[in-house]
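Enquirer: So the sequence shown is numbered by my numbering: it starts at 106 and just counts up by one. This is the structure I want to talk about, given as structure tokens.
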Amino acid sequence: MSIMFDSLKKRLSETIKAFSNKEKEEIGNEEPSEYNSTIANEGGLNEEITYNEVPTKEESEPKGKPDRTESKQKVKISGITKAKSLLSKTVRLRDSDIDSFIEQVRMILLQSDVSFYTTEDIIDKLENELKDRELSKKNLDEQLMDSLRNAISDIIGKEKFDMIGYISEKVESGIKPFTVMFLGFNGTGKTTTIAKIAYNLKLKGKSVVLSASDTFRAAAIEQLDYHAKMIGVPIIKGNYGADPASIAFDAVAYAKAHSTDCVLVDTSGRQETNKNLISELEKIARISKPNLTLFVAESVAGSDLADRIKEFNSHIKIDGLVLTKLDCDAKGGNAISVSRETGIPIMMFGVGEGYTDIINYDPKIILDSMT
Ligand SMILES: Nc1nc2c(ncn2[C@@H]2O[C@H](COP(=O)(O)OP(=O)(O)OP(=O)(O)O)[C@@H](O)[C@H]2O)c(=O)[nH]1
Ligand SMILES: [Mg+2]
106 MSIMFDSLKK RLSETIKAFS NKEKEEIGNE EPSEYNSTIA NEGGLNEEIT YNEVPTKEES
166 EPKGKPDRTE SKQKVKISGI TKAKSLLSKT VRLRDSDIDS FIEQVRMILL QSDVSFYTTE
226 DIIDKLENEL KDRELSKKNL DEQLMDSLRN AISDIIGKEK FDMIGYISEK VESGIKPFTV
286 MFLGFNGTGK TTTIAKIAYN LKLKGKSVVL SASDTFRAAA IEQLDYHAKM IGVPIIKGNY
346 GADPASIAFD AVAYAKAHST DCVLVDTSGR QETNKNLISE LEKIARISKP NLTLFVAESV
406 AGSDLADRIK EFNSHIKIDG LVLTKLDCDA KGGNAISVSR ETGIPIMMFG VGEGYTDIIN
466 YDPKIILDSM T
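Structure, rendered in structure tokens:
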């Protein structure tokens, strides 16, 4: 099962195609003498404009942050240059055209739940990529897409994360048991993610014990028990209503007694606003002393996800995020911006309901899924 940001990918590529076709058409159809008046009209300028030679690099170099309004007042391409541009294989986009293209990209990103600040950062970088650049007419759309990829890549970075490798290394370096606690809102995929990680750890030869510390939700214990049996790992469980921290304590004690490599602690879903449930979580963390705390969130969550995680993180330090349900036609925005907004790295993606439907975080996957 692969990640699908289908609608975002489709919208971005359609926008880029339409824009580059329009540009190519205009370049092809315009006569040099008419070109300048088109620019004047598009810029909304009523005054008469004298067309000068193309400014030198020094002249056109923006001082500090580029002022779009100011740059619109300048007409960059003379009749002579346009004639050259008709013949040449390259084109330099007009500021007004870059503006309208960028505006469309901005809308698509915002509507796909990329946060406001991250969107603005991507837009700034895209603007810098496109401004004053000679682009080849032949594959204009590919170059625009490359520019967008570069802009997004700057935001999401290049670092991958290998969860199973990371845990294995820690265990081998003597941190044993290595305890991972899972938390998050209701129904985001915590228990399923635990099962997936247990399955993959076992596959890599690591021993695992599960802690059924969701003693609250109906059937939560049976759900984890079912996975434990399917995967073939032990589970420590109590009764419903039992103290979840004491179950986690028992699981860690079991791991110590049996020389088990990892303890995976399930917890019940909760909202960041519920003080009692948050303090219950603090107690589980205090008693089980997790080496890693993972927040499991749905990639389909809205654009307020980062703020909600930050609130959670102010009570319990979250080391990493797992974004689930990326197979459910997620808008994709959270995968781009949630890490930057919260300062917490995404470590894994859930991409289905099966044990193998989990993949390590890799920024290239995000880029390939949306551009
Ligand atoms: N399509 C898809 N479904 C998922 C994924 N992860 C979990 N699910 C499904 O989401 C539903 C909820 O998963 P759980 O693992 O029970 O979620 P939870 O966070 O433990 O839920 P609570 O304990 O009730 O808070 C189940 O039907 C899972 O099969 C995923 O990556 N993709
Ligand atoms: Mg659960």
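Heads up, the beta-carbon is just placed ideally off N, CA and C, and yes, glycines get one too. All values reported here derive from a predicted model rather than from experimental measurement.
Is the segment 311–327 close to the segment 352–368, with three or more CB pairs under 8 Å?
Expert: With the cut-off at 8 Å, the segment 311–327 and the segment 352–368 touch.
Enquirer: Using C-beta distances below 7 Å, list every residue in its chain close to Leu231, excluding the 5 sequence neighbours before and after it, in chain order.
Expert: Contacts found: Ile207, Val210, Ser252, Leu253 and Ala256.
Enquirer: Check the C-beta distance from Ile449 over to Tyr466 and give it rounded, since I have them as a contact under 8 Å.
Expert: Between Tyr466 and Ile449 the Cβ distance is about 12 Å, and since that is not below 8 Å, they are no contact.
Enquirer: Let's see if you can read the secondary structure: which residues bound the beta strand (DSSP E) around Leu428?
Expert: Gly425 to Thr429 is the extent of the beta strand (DSSP E) around Leu428.
Enquirer: Is any non-hydrogen atom of ligand 1 found closer than 7 Å to the C-beta of Glu277, if you look at the structure I gave you?
Expert: Flag unset: Cβ of Glu277 not near ligand 1.
Enquirer: Would you decide whether Ala324 is buried or exposed? Buried here means 16 or more other CB atoms lie within 10 Å of its CB.
Expert: Ala324 is exposed by the Cβ-count criterion.
Enquirer: Hey, would you say the C-beta of Gly374 is under 7 Å away from at least one heavy atom of ligand 2?
Expert: Flag set: Cβ of Gly374 near ligand 2.
Enquirer: May I ask you to report which of helix, strand or coil DSSP gives Glu239?
Expert: It is a strand residue.
Enquirer: Mapping DSSP to helix, strand and coil, what is Gly438?
Expert: Gly438: helix per DSSP, three-state reduction.
Enquirer: On the three-pair Cβ rule with 8 Å, is the segment 323–340 touching the segment 282–294?
Expert: They do not touch, by the three-pair rule.
Enquirer: Could you tell me the alpha carbon to alpha carbon distance between Arg413 and Glu277, rounded to whole angstroms?
Expert: If you take the alpha carbons of Arg413 and Glu277, they lie about 35 Å apart.
Enquirer: Look at Glu403 and Thr429 and say whether their C-beta atoms are less than 8 Å apart.
Expert: Yes, these two residues count as a Cβ contact at 8 Å.
Enquirer: Can you check the segment 191–231 for any beta strand (DSSP E) of at least 3 residues that lies completely inside it and give the ranges in chain order?
Expert: 195–197, all fully within the segment 191–231.
Enquirer: For Gly425, is the beta carbon positioned less than 7 Å from some heavy atom of ligand 1?
Expert: Because no heavy atom of ligand 1 lies under 7 Å away, the Cβ of Gly425 does not count as near it: no.
Enquirer: For Met106, which residues in the same chain have their Cβ closer than 6 Å to its Cβ, ignoring the five residues on either side in sequence?
Expert: Note on Met106: pLDDT 48, under 50, position unreliable in the model; the coordinate value appears next. These residues qualify, in order along the chain: Asp432, Val456, Gly457 and Asp462.
Enquirer: Excluding five sequence neighbours on each side, which residues of the same chain lie with their C-beta closer than 7 Å to the C-beta of Glu166?
Expert: Only weak support exists for where Glu166 lies, its pLDDT of 43 falling under 50; the value from the coordinates is given anyway. So the list is empty, once near-sequence residues are dropped.
Enquirer: Entirely within the segment 308–368 and at least 4 residues each: give me those alpha helix (DSSP H) ranges in chain order.
Expert: Runs of the alpha helix (DSSP H) inside the segment 308–368: 325–336 and 349–363.
Enquirer: To which residues of the same chain is Asp218 closer than 6 Å at the C-beta, ignoring the five residues directly before and after it?
Expert: Within the same chain, Asp218 has close Cβ partners Ser408, Lys436, Gly438 and Asn439.
Enquirer: If we count the other Cβ atoms within 10 Å of its Cβ and call it buried at 16 or more, is Glu446 buried or exposed?
Expert: Per the 10 Å Cβ criterion, buried.
Enquirer: Which whole-angstrom value is the C-beta distance of Ile121 and Asp246, which I expect to be below 8 Å?
Expert: Between Asp246 and Ile121 the Cβ distance is about 5 Å, and since that is below 8 Å, they are a contact.
Enquirer: Can you list, in chain order, the residues of its chain with a C-beta nearer than 7 Å to that of Gly292? Leave out the 5 residues immediately preceding and following it.
Expert: Excluding positions up to five away in sequence, the list reads Gly374.
Enquirer: Just to confirm my understanding: we take Gly294, look at its own chain, exclude 5 residues before and 5 after, and list those with CB closer than 6 Å. What are they?
Expert: Same-chain partners within the cutoff: Val401, Thr429 and Gly455.
Enquirer: Please state whether DSSP places Ala411 in a helix, a strand or coil.
Expert: If DSSP states are grouped into helix, strand and coil, Ala411 belongs with the helices.
Enquirer: What residue range does the alpha helix (DSSP H) around Ala390 cover?
Expert: Element bounds for Ala390: Lys380 to Ser393.
Enquirer: What first and last residue would you give for the alpha helix (DSSP H) that runs through Val276?
Expert: Run containing Val276: Met268 to Glu277, per the alpha helix (DSSP H) assignment.
Enquirer: Helix, strand or coil for Val456 per DSSP?
Expert: In this structure, Val456 counts as coil in the three-state DSSP scheme.
Enquirer: Taking 7 Å as the line, does the beta carbon of Lys342 fall inside it for any heavy atom of ligand 2?
Expert: No - ligand 2 has no heavy atom lying nearer than 7 Å to the Cβ of Lys342.
Enquirer: Measure how close the beta-carbons of Leu410 and Val443 come, nearest whole angstrom, since I'm counting them as under 8 Å.
Expert: Right, the Cβ-Cβ distance comes to about 6 Å (below 8 Å), so this counts as a contact.
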